[in-house]
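Q: With the UniProt record's numbering, the residue at position 246 of the sequence shown is 246, and numbering never jumps.
Sharing a structure here in structure tokens format.
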Amino acid sequence: MTSLHDLPDELLRLICEYVQEHTALRDLGLVSRKYHAITLPYICKHVDTRRISVPQLINCLHKRPEVGQGIHTLDIGDWPALNDSQDQVNKICTNVLADRSTYGKHLSSYIKKETSTSRMLLRALLVLTPNVEVINFHITPYNTFSYTTMCALASFITSFQLLEEINVSHEEGGLEFSMELYCPLLNIARALSKLTISNCVYAELEDLPRGSYPHLRELRLKSVKLYGPQLIWIMRACSRLEIFEYGTDHDTKFWMTPQQLSTALQPVKNSLKTLIIDLTAQDKLFRGIDPIKSLREFTQLEELVLSQEDIVDNTNIQVREEYPDLIRPFFVTMRNPIADKLPTSLRTLQVKNTDQTFDYELGKLAMVVESDLPHLKLIRVDHDFGEDAEGTVRTYTSYISRKDILCGEDFAGIGICSAVTLQAKQDLYAKRR
């Protein structure tokens, strides 16, 4: 019978990946010590502390430091509610503290300083994985995530020479966490190239020094409440940013004026290549008013993605008469054509949840795209046309002319895909009318 030792490395890796997806990792140690010893190097390239016994993992890494050096990604969450008994934790920590080697003394010096069992294990885990490139923090209603813990993490993360990316996410139903909690992470972000923070509530942030994060290339703030001045401080600190995503959700509001948003983006106008702005929960006062006055100065911008919630019901005539500005989408006004606000470097334009006003502007854009936007290759519009689908379709078929522009794949299944299918779709629309 073939033993695990005889299997090719690639086949063993595939087996390990399958087991990792379908079995709790803590059960692997119950199979056999030999199996665990062989598979550990493959499994531990990406360690998820939510699916494994952290003390047992630390015990293995302590005995085999070379395995810890091969770990590239850490998913950290669900502590200090450990599944192991206190006796197990104490035993493992005792073994580490008793190690008289230079490596053991280095590790035990960190453990001795920590009073919290959970943070003690976390410190040990970080010390044992010096080559980590990505750390994902998963915050749940069961986490006790304190400012002290974040400071402890930050003190270790700064020593990671290869760390490029930190992602912080909160599960729905969890406690609200303040941006202030992540100040330690923001303070170390100057050594990162990617930082993502999701589902976070507003809090005061210090005035960040200009150019504080020279290496940060990608910043994503998803469902994060920030006042205008805070975003301005952050963007001034990220003067070389290439990818920026900012958005709120339906439980938050867009707490800044259009002018503040435009001002916040100015420091990155010469470096930004991708801009994703989600205004689906913007404050009612700012709906329909230009949140982005002009992107013409963004000389490197190649991809633009904008989203907003349906502004008003098109059938509500009273609302239209009382608040005419509220029916205008995004940055589109009839006096200032959309083409005048987009940079010539733009390659992709994606707009979600629009109305017929934007459809008209999109038609005008298609007419001047050859001369004003020579690099634009893709236009994507996602929205539900509803009862006014026919009028919208006529607008598309009247103005879309460039063959290599893709316009459509909307939620209603209506749109013009390319010149190849253009005539067929026009025939279909004619039948519907």
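Cβ coordinates follow ideal geometry from the N, Cα and C atoms, glycine included.
1. Helix, strand or coil: which one does DSSP assign to Pro55?
2. In angstroms with no decimal places, state the Cα-to-Cα distance between Pro65 and Leu74.
3. If you check the beta carbons only, do Leu128 and Val54 fall under 8 angstroms apart?
4. Got a sec? Which residues, its chain only, sit under 6 angstroms from Leu11 by beta carbon, not counting five neighbours each side?
5. How big is the Cα-Cα spacing for Val224 and Pro130?
6. May I ask which residues mark the beginning and end of the alpha helix (DSSP H) holding Gly68?
7. On the DSSP bridge assignment, give the partners of residue 472 in chain order.
8. Taking Glu242 and Ser271 to be in contact with their CB atoms under 8 angstroms, please state how far apart those CB atoms are, rounded to whole angstroms.
9. Please state whether the Cβ-Cβ distance between Leu304 and Leu275 is less than 8 angstroms.
10. Tell me which residues share the same chain as Asp210 and place their Cβ nearer than 6 angstroms to its Cβ, disregarding the 5 neighbours each side in the sequence.
11. What's the C-alpha gap between Asn336 and Ile76?
12. Just tell me which of Ile58, Glu164 and Val351 has its CA closest to the CA of Asn136.
13. For my contact list, Lys273 and Gln300 are in at a C-beta cut-off of 8 angstroms; report their separation, rounded to the angstrom.
14. With a Cβ-Cβ cutoff of 8 angstroms, do Ile166 and Leu192 count as a contact?
15. Roughly how many angstroms separate the alpha carbons of Asn95 and Leu57, rounded to a whole number?
16. Compare the Cα-Cα distances from Thr348 to each of Cys238, Leu378 and Ser371 and report the closest residue.
17. Could you tell me which of His138, Ser307, Ser239 and Val132 sits nearest to Arg50, measuring between CA atoms?
18. When you compare only the Cα positions, how much space is there between Leu14 and Leu219?
19. For Leu162, count neighbouring Cβ atoms within 10 angstroms of its own Cβ and tell me buried if that reaches 16, exposed if not.
20. Pop quiz: Leu221 and Glu245 are said to be a contact at Cβ under 8 angstroms. What is the actual Cβ separation, rounded to whole angstroms?
21. Assuming His72 and Glu133 are in contact, meaning their beta carbons sit under 8 angstroms apart, how far apart are those beta carbons, in whole angstroms?
22. Using the C-alpha atoms, what's the distance from Lys45 back to His62?
23. Alpha carbon to alpha carbon, what distance is there between Thr196 and residue 434?
24. Output the boundary residues of the beta strand (DSSP E) element that contains Val47.
25. How would you call Pro374, buried or exposed, if buried means at least 16 neighbouring beta carbons within 10 angstroms?
26. Would you tell me roughly how many angstroms separate the C-alpha atoms of Pro343 and Trp233, rounded to the nearest one?
27. Which residue's Cα is closest to the Cα of Pro229: Thr263, Val168 and Arg240?
28. Among Pro267, Arg296, Glu297 and Gln350, which one has its Cα closest to the Cα of Ser307?
29. Between the Cα of Tyr213 and those of Arg123, Ser239 and Leu231, spot the shortest distance and give me the residue it belongs to.
30. Assuming Ser345 and Glu302 are in contact, meaning their beta carbons sit under 8 angstroms apart, how far apart are those beta carbons, in whole angstroms?
31. Quick one: grab the DSSP three-state call for Leu231.
32. Comparing alpha-carbon positions, which option in Gly247, Arg123 and Leu295 lies nearest Val268?
33. Output the boundary residues of the beta strand (DSSP E) element that contains Thr299.
A: Here's the rundown:
1. Pro55 falls in the helix class under three-state DSSP.
2. As the crow flies, the alpha-carbon of Pro65 is around 16 angstroms from that of Leu74.
3. Inclusion of Leu128 and Val54 in the CB contact set at 8 angstroms is not warranted, their separation being larger than that value.
4. Here the set comprises nothing.
5. Using only the alpha carbons, I get a separation of about 30 angstroms.
6. In the DSSP assignment, Gly68 falls within the alpha helix (DSSP H) that extends over Pro65 to Gly68.
7. Since the first residue of the chain shown is 1 and the last is 433, residue 472 is not available in this structure.
8. The beta-carbon separation of Glu242 and Ser271, rounded to 6 angstroms, stays under the 8 angstroms limit for a contact.
9. In this structure, Leu275 lies closer than 8 angstroms to Leu304 by Cβ.
10. In the sequence under discussion, the amino acid at residue 210 is Arg, which differs from the Asp named in the question. Excluding positions up to five away in sequence, the list reads Arg236.
11. In this predicted model, Asn336 has a pLDDT of only 42, less than 50, meaning its place in the structure is not dependable; the value taken from the coordinates is given anyway. Approximately 49 angstroms, taken between the alpha carbons.
12. Comparing Cα-Cα distances from Asn136 to each of Ile58, Glu164 and Val351, the minimum goes to Glu164.
13. Gln300 and Lys273 do touch by the CB rule: their CB atoms are close to 5 angstroms apart, below 8 angstroms.
14. Taking 8 angstroms as the cut-off, the Cβ atoms of Ile166 and Leu192 count as close.
15. Roughly 13 angstroms between the two C-alpha positions.
16. The option with the nearest alpha carbon to Thr348 is Leu378.
17. Among His138, Ser307, Ser239 and Val132, the Cα nearest to that of Arg50 is on His138.
18. Rounded to whole angstroms, Leu14 to Leu219 spans 33 angstroms at the Cα level.
19. Around the beta carbon of Leu162, a 10 Å sphere encloses fewer than 16 other beta carbons of the protein chains shown; the residue is thus reported as exposed.
20. Sure, about 7 angstroms apart at Cβ, within 8 angstroms.
21. 5 angstroms between Cβ atoms; contact.
22. Each residue's Cα considered, the two are about 16 angstroms apart.
23. Only positions 1 to 433 of the chain appear in the structure, and residue 434 is not among them; the question remains open.
24. Val47 -> beta strand (DSSP E) spans His46 to Asp48.
25. Flag for Pro374 reads exposed.
26. Roughly 24 angstroms separates the two Cα atoms.
27. Checked all of Thr263, Val168 and Arg240; the closest Cα to Pro229 is Thr263.
28. Considering only Pro267, Arg296, Glu297 and Gln350, the residue with the shortest C-alpha distance to Ser307 is Gln350.
29. With distances taken between Cα atoms, Tyr213 lies closest to Ser239.
30. About 6 angstroms separates the Cβ atoms of Ser345 and Glu302, confirming a contact at the 8 angstroms cut-off.
31. Helix.
32. Looking at the Cα atoms, Leu295 is the closest of the given residues.
33. That residue, Thr299, is in no beta strand (DSSP E); it is neither H nor E in DSSP.
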